[in-house]
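Take a look at the structure below.
Residue numbers (the numbering used here), protein chains in the order written: chain W, 8 to 589; chain G, 8 to 589.
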């Protein structure tokens with residue numbers, strides 16, 4: 008801020024100079040008082056200068072409309088949309104979201120600090136604010152091969168970046184409990200830089216939450232029921248109420264919200280696929296659901312704006328008041344939260360529900376410049392996919408539709424020439440996780456149940472958290488075709504039938520993100536879904552999403568990494584042969 | 008924070024190591040949920056490590072007691088107590104206040120940045136936290152002579168001090184409205200240093216509040232009724248509810264507090280004399296009054312703790328939770344707020360309501376070292392006090408007991424040899440304001456009504472905001488004796504009868520603060536009160552406090568500065584002679 012800009016703003020506030028834009032005649036949702044309020048909103052240089060009776064160079068008639076502050080997503084992984092920050096911004100704005108707090112956890116696990124740097128750069132000069140919490144757990148576990156190791160000393164320089172506001176979801180409870188030096192260093196570094204730390208306390212018992220809080224870790228977005236929510240609120244953690252593509256916790260959690268504790272509750276999406284984001288919405292969806300569940304609209308808006316801003320110390324947004332950024336959402340109706348217009352820093356970016364394309368400058372440089380298109384696999388051959396077996400009884404991963412958790416089965420499988428062969432009648436497919444960061448040649452093999460393919464294969468370079476190449480198929484040949492297609496695209500998704508690639512989406516940025524416009528990615532997702540139906544998968548769950556969590560060893564019960572089958576209960580790799588002692 | 012201290016705290020949280028101190032068996036007022044909560048409080052290195060079931064090297068049995076976070080005063084001028092920060096801390100702690108946000112406005116008006124520096128230094132190494140907002144208006148007006156001119160460039164270096172958190176009460180609305188460069192510079196400097204700015208919006212109309220808010224000035228402690236309070240809350244200002252020695256706004260303001268807006272309301276004292284502070288209390292008094300007025304005890308506690316911490320971005324206090332400073336108040340009873348024990352950073356500093364003296368290290372260096380004992384007046388003589396008059400009709404200041412406002416009277420006065428003579432029968436005393444910063448020889452003279460002296464004089468070096476030497480008396484001789492006694496003490500208060508000084512209090516630190524222990528100052532105040540009774544003043548108001556506001560030209564209606572009588576309505580100096588055109 009300089010004296011000239013301050014002077015101008017005060018002059019507008021004092022009506023000595025007219026505003027750039029005035030929104031006239033609307034009803035403001037006042038998040039400070041929790042009550043509706045009348046008043047013109049006068050804007051200058053993207054900042055609200057006054058509320059009252061004002062004139063502007065431009066007048067926007069919002070009579071009969073409601074005006075709420077721009078929504079803020081308290082925790083989102085942009086990579087889950089497979090969109091660049093720019094395209095993610097376009098979709099988010101159409102849903103009234105004007106700021107997000109993000110964690111580039113996925114891209115950091117592939118590309119380390121280069122990935123973080125890329126996301127920060129791609130977030131610049133947008134009519135949208137992306138605040139970054141630095142990934143705290145790269146790699147997450149030693150049970151799989153990821154692309155980078157990011158320590159406290161690697162993160163520290165990023166704290167000088169104006170959009171970096173903290174350390175992201177601390178999920179390694181064991182490292183904290185054991186006071187591992189690397190983890191302590193990350194935490195102290197965040198504190199000493201005056202930054203906040205997000206938690207990730209999935210399933211953490213009440214008294215164990217003390218470890219997080221004592222270390223200054225003050226949020227949780229992994230809470231799934233009222234009892235857990237109460238524990239977190241009681242101990243002083245901000246309760247992030249999540250509604251994403253897979254994790255849908257809102258209905259279970261809103262009963263905990265009271266007039267007294269609402270200030271400590273906020274909304275997040277965490278992980279949302281592009282189709283859900285486009286079709287259903289972002290934080291606006293959380294608000295709508297909350298209102299449906301009986302939360303008062305003003306409280307729901309507070310949870311989507313002021314509370315989030317306070318949680319992250321963002322003093323310039325989250326409310327409609329002089330001195331605050333002019334991030335505004337104009338609604339046709341408050342209860343249904345139907346979005347009419349969106350203003351970002353005083354500029355209309357969505358009108359009549361349509362994005363104003365001119366709000367976005369020319370696209371920035373492509374990822375190739377940043378060294379993020381590397382996709383390093385060793386030479387692939389059919390025999391590398393062979394699973395030799397000495398008996399028919401095998402450990403089998405059974406997927407649970409729309410869940411990250413799997414069932415650990417032991418089943419009789421088919422063998423030919425002493426090797427496992429997939430069976431579509433038994434719904435036993437082959438699963439492979441192919442290391443793709445350093446061409447180590449690591450391939451983990453397993454058997455998966457539940458995809459219901461009639462034939463074909465699917466492959467993806469999105470596989471949490473290390474994002475190796477994961478392939479499931481009814482035959483080795485189709486798996487190879489799918490895998491090779493993804494490798495050729497330097498990352499992406501593919502559906503194969505016989506020797507034909509039915510549909511695919513290139514994800515050249517770290518094997519995670521498309522550089523296409525969001526409409527193209529969205530259309531391609533629809534084609535992929537059709538192709539999935541063609542190879543027999545039911546429409547009741549998302550096979551690529553399911554696939555992407557099959558390599559995540561921190562979730563029960565049986566998973567597959569590039570180092571082999573991983574049993575959660577024993578926290579150890581096990582053999583495919585059920586009788587194997589390994 | 009370093010890894011070792013973090014590690015130790017986490018070990019205590021995890022019960023791998025026992026705590027330093029555990030408070031067992033109490034009921035915690037949980038300011039996050041607004042509900043009572045059971046649990047042991049485990050403390051290590053002055054920080055709360057865990058809440059649950061804990062063991063410590065030392066156990067404090069608080070069964071049957073209530074535990075609330077250490078109270079925070081959101082806005083207080085320590086100088087009003089005439090105590091050093093150290094002695095102020097001792098009194099405050101006994102009232103459960105463990106942190107304050109202060110504005111060294113008075114000492115800065117006398118001694119400039121040296122005064123600010125002194126207050127910061129004297130605030131160190133106490134079992135008490137004094138956060139400083141830098142004085143924004145030194146001098147306040149051009150209508151009187153003060154001791155220093157403190158500009159943006161003088162304030163800026165202080166923002167690096169860890170206890171300096173912002174710019175104090177911006178009271179010069181005109182300077183903002185006129186976009187005066189000096190004021191803009193102070194505001195932008197605060198913002199650019201990431202600091203907060205307090206407001207002072209006495210009598211400011213609703214739409215004019217936009218000027219403050221647009222400039223990022225987000226608090227007001229000058230609001231006196233529900234309508235004003237609603238205006239401030241609506242526009243996004245934090246509402247500071249004040250209960251001081253003179254300004255008692257709490258009862259008028261609490262009706263505005265709702266479950267929805269309570270988070271934006273907090274308690275302050277602003278100015279409180281030592282006798283009130285000792286006898287009635289500090290923020291504990293605000294809490295008690297609020298409960299009496301129907302605010303729920305949990306909400307009242309939130310307004311005295313968490314809300315204040317949030318308002319000032321103090322993330323390490325204001326709540327009882329792991330990772331928070333162990334500033335705790337143990338109460339015998341919540342509704343009456345009777346204080347049993349106070350813990351500051353985990354150490355018991357008040358037990359059974361008694362201060363633990365050992366909690367305070369040896370006293371720091373005296374003010375003489377800091378160059379704050381200067382008291383510069385020109386030579387004084389009786390003829391300098393003469394008020395020559397050409398007629399009997401004069402402008403007279405009439406005091407209103409217990410108010411800062413005066414009445415502007417025109418009265419017939421007694422003359423001898425063409426000069427005014429005081430009359431105790433007409434209750435017309437002489438008033439003099441003697442410049443004492445630069446020995447300019449400026450003396451402002453006037454006539455004051457309402458003190459009801461039978462004889463004698465009083466003198467004080469505490470006279471807002473420039474703190475010149477102010478004297479009221481029934482005779483020139485007694486006035487001279489009182490003034491000379493204060494000059495001899497290098498500042499202070501004196502009551503004179505005939506040629507005898509009945510009682511006096513030296514205030515050698517900038518003419519504002521005593522360096523005595525608070526018990527001594529308190530006892531001396533009682534003696535001064537007796538002496539005041541001896542010269543005839545009624546016990547229904549405090550003559551020294553009244554005197555201290557008679558030189559404050561920013562308050563209606565007629566005041567006296569070293570430059571002469573000042574009429575608020577015309578914002579100009581006027582003559583004593585009522586017929587005089589000046």
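Where a beta carbon is used, it is the ideal one built from N, C-alpha and C, also for glycine. These figures come from a predicted structure and were not determined experimentally.
Coil, strand or helix - residue 345 of chain G by DSSP: Walking along the second chain from the start, residue 345 of chain G turns up at place 338. In the structure shown, residue 345 of chain G sits in a strand (DSSP, three-state: E or B).
Min CB distance residue 133 of chain G to chain W below 8 Å: The count along the second chain starts at 1 and reaches residue 133 of chain G at position 126. Output row for residue 133 of chain G: interface = no.
Of the residues W:446, W:195, W:348, the one placed nearest residue 101 of chain W, counting alpha carbons only: Translated into positions along the first chain, residue 101 of chain W becomes position 94. Of the candidates W:446, W:195, W:348, the one whose C-alpha sits nearest the C-alpha of residue 101 of chain W is W:348.
Interface partners of residue 192 of chain W on chain G, CB under 9 Å: In the first chain, residue 192 of chain W corresponds to position 185, counting from 1. Chain G residues near residue 192 of chain W: 10.
Nearest-angstrom Cα separation, counted from residue 142 of chain G out to residue 531 of chain G: The sequence position of residue 531 of chain G within the second chain is 524, counting from 1. The sequence position of residue 142 of chain G within the second chain is 135, counting from 1. Rounded to whole angstroms, residue 531 of chain G to residue 142 of chain G spans 29 Å at the Cα level.
Within chain W, the residues that residue 271 of chain G reaches when beta carbons sit closer than 7 Å: Here residue 271 of chain G corresponds to residue number 264 of the second chain, with the count starting at 1. Here the neighbours are 39.
Beta-carbon gap between residue 151 of chain G and residue 568 of chain G smaller than 8 Å: Mapped onto the second chain, residue 151 of chain G falls at position 144. Mapped onto the second chain, residue 568 of chain G falls at position 561. Yes, the pair counts as a contact, with Cβ atoms nearer than the cut-off.
Closer than 7 Å at the beta carbon, the chain W residues around residue 220 of chain G: Sequence index remark: in the second chain, residue 220 of chain G carries index 213 (1-based). Within 7 Å Cβ-Cβ: 328, 329, 330.
Residue span of the alpha helix (DSSP H) that contains residue 299 of chain G, given as start and end: The residue labelled residue 299 of chain G in the question sits at position 292 within the second chain. Unbroken alpha helix (DSSP H) run through residue 299 of chain G: 290-299.
Through-space distance from residue 182 of chain W to residue 214 of chain W, alpha-carbon basis: Translated into positions along the first chain, residue 214 of chain W becomes position 207. Translated into positions along the first chain, residue 182 of chain W becomes position 175. Cα-Cα distance, rounded: 17 Å.
Residue from G:417, G:382, G:428, G:378 with nearest C-alpha to residue 389 of chain G: Taking the first residue of the second chain as 1, we reach residue 389 of chain G at position 382. Out of G:417, G:382, G:428, G:378, G:428 has the C-alpha closest to the C-alpha of residue 389 of chain G.
Residue closest to residue 96 of chain G, alpha-carbon to alpha-carbon, out of G:268, G:243, G:247, G:363: Position 89 of the second chain holds residue 96 of chain G. When only C-alpha atoms are compared, the closest one is G:363.
8 Å Cβ cutoff met for residue 336 of chain W and residue 222 of chain G: On the first chain, residue 336 of chain W is found 329 positions in, with the first residue counted as 1. On the second chain, residue 222 of chain G is found 215 positions in, with the first residue counted as 1. Not a contact, by the Cβ cut-off of 8 Å.
CB of residue 204 of chain W within 8 Å of CB of residue 197 of chain W, strictly: Within the first chain, the letter at position 197 stands for residue 204 of chain W. Within the first chain, the letter at position 190 stands for residue 197 of chain W. Yes; because the gap between Cβ atoms is below 8 Å, this pair is in contact.
For residue 477 of chain W and residue 554 of chain W, believed in contact at Cβ under 8 Å, the rounded distance: The residue given as residue 554 of chain W occupies position 547 in the first chain. The residue given as residue 477 of chain W occupies position 470 in the first chain. Contact flag correct, Cβ pair sits at about 6 Å.
Residue 9 of chain W, buried or exposed, once every other Cβ within 10 Å from all chains shown has been counted against 16: Working through the first chain from its first residue, we reach residue 9 of chain W at position 2. Counting Cβ neighbours within 10 Å, residue 9 of chain W comes out exposed, since fewer than 16 surround it.
Residue 444 of chain G classed as buried or exposed, judged by whether at least 16 other C-beta atoms fall within 10 angstroms: Locating residue 444 of chain G in the second chain gives position 437, where the first residue counts as 1. Residue 444 of chain G is buried by the Cβ-count criterion.
For residue 472 of chain W and residue 552 of chain W, believed in contact at Cβ under 8 Å, the rounded distance: Along the first chain, read from residue 1 onward, the residue named residue 552 of chain W stands at position 545. Along the first chain, read from residue 1 onward, the residue named residue 472 of chain W stands at position 465. Contact flag wrong, Cβ pair sits at about 15 Å.
Residues bridged to residue 227 of chain W [DSSP beta-bridge criterion]: Here the question's residue 227 of chain W lines up with position 220 in the first chain. For residue 227 of chain W, the beta-bridge partners assigned by DSSP are W:246.
Option nearest residue 356 of chain W by Cα separation, candidates W:62, W:77, W:70, W:19: Taking the first residue of the first chain as 1, we reach residue 356 of chain W at position 349. Nearest C-alpha to residue 356 of chain W among W:62, W:77, W:70, W:19: W:77.
Which of helix, strand or coil DSSP assigns to residue 89 of chain W: As a position in the first chain, residue 89 of chain W is number 82, starting the count at 1. Correct three-state label for residue 89 of chain W: coil.
Residue 482 of chain G versus residue 99 of chain G: straight-line alpha-carbon distance, rounded: Numbered from 1 along the second chain, position 475 holds the residue referred to as residue 482 of chain G. Numbered from 1 along the second chain, position 92 holds the residue referred to as residue 99 of chain G. Using only the alpha carbons, I get a separation of about 40 Å.
Distance, residue 490 of chain G Cα to residue 541 of chain G Cα: Counting from 1 along the second chain, the entry for residue 541 of chain G is found at position 534. Counting from 1 along the second chain, the entry for residue 490 of chain G is found at position 483. Their Cα atoms are separated by approximately 19 Å.
Chain W within 8 Å of residue 249 of chain G, Cβ atoms only: Residue numbering aside, residue 249 of chain G sits at position 242 when the second chain is read from its first letter. At least 8 Å separates the CB of residue 249 of chain G from every CB of chain W.
Beta carbon of residue 379 of chain W nearer than 8 Å to that of residue 122 of chain W: On the first chain, position 372 is the one that residue 379 of chain W refers to. On the first chain, position 115 is the one that residue 122 of chain W refers to. In this structure, residue 122 of chain W lies closer than 8 Å to residue 379 of chain W by Cβ.
Minimum length 3: unbroken beta strand (DSSP E) runs contained in the region 122-189 of chain G: Counting whole runs of 3 or more residues, the region 122-189 of chain G contains the beta strand (DSSP E) stretches 136-141, 171-177.
Alpha helix (DSSP H) segment containing residue 31 of chain W, residue limits: If you number the first chain from 1, residue 31 of chain W lands on position 24. Note, residue 31 of chain W: premise wrong, no alpha helix (DSSP H); beta strand (DSSP E) at 26-31.
CB contact below 8 Å: residue 199 of chain G versus chain W: Here residue 199 of chain G refers to the residue found at position 192 when the second chain is read from its first residue. Closer than 8 Å to some Cβ of chain W, the Cβ of residue 199 of chain G qualifies, so yes.
Given residue 167 of chain W as reference, the closest of W:464, W:140, W:288 once Cα atoms are compared: Looking up residue 167 of chain W in the first chain gives position 160. The shortest C-alpha separation from residue 167 of chain W is found at W:140.
Length of the line joining the Cα atoms of residue 138 of chain G and residue 275 of chain W: Position 131 of the second chain, counting from 1, holds the residue named residue 138 of chain G. Position 268 of the first chain, counting from 1, holds the residue named residue 275 of chain W. Roughly 34 Å between the two C-alpha positions.
First and last residue of the uninterrupted beta strand (DSSP E) at residue 524 of chain W: For this step, residue 524 of chain W is matched to residue 517 along the first chain. No beta strand (DSSP E) contains residue 524 of chain W, which DSSP labels as neither H nor E.
Chain G within 8 Å of residue 532 of chain W, Cβ atoms only: Position 525 of the first chain, counted from the start, is the residue given in the question as residue 532 of chain W. Closer than 8 Å: no.
The region 62-71 of chain G contacting the region 21-32 of chain G, beta-carbon criterion three pairs below 8 Å: yes
Beta bridge counterpart(s) of residue 422 of chain G as assigned by DSSP: For the purposes of this step, residue 422 of chain G is taken as residue 415 along the second chain, with counting starting at 1. Per DSSP, G:427.
DSSP beta-bridge partners of residue 513 of chain W: The count along the first chain starts at 1 and reaches residue 513 of chain W at position 506. W:499.
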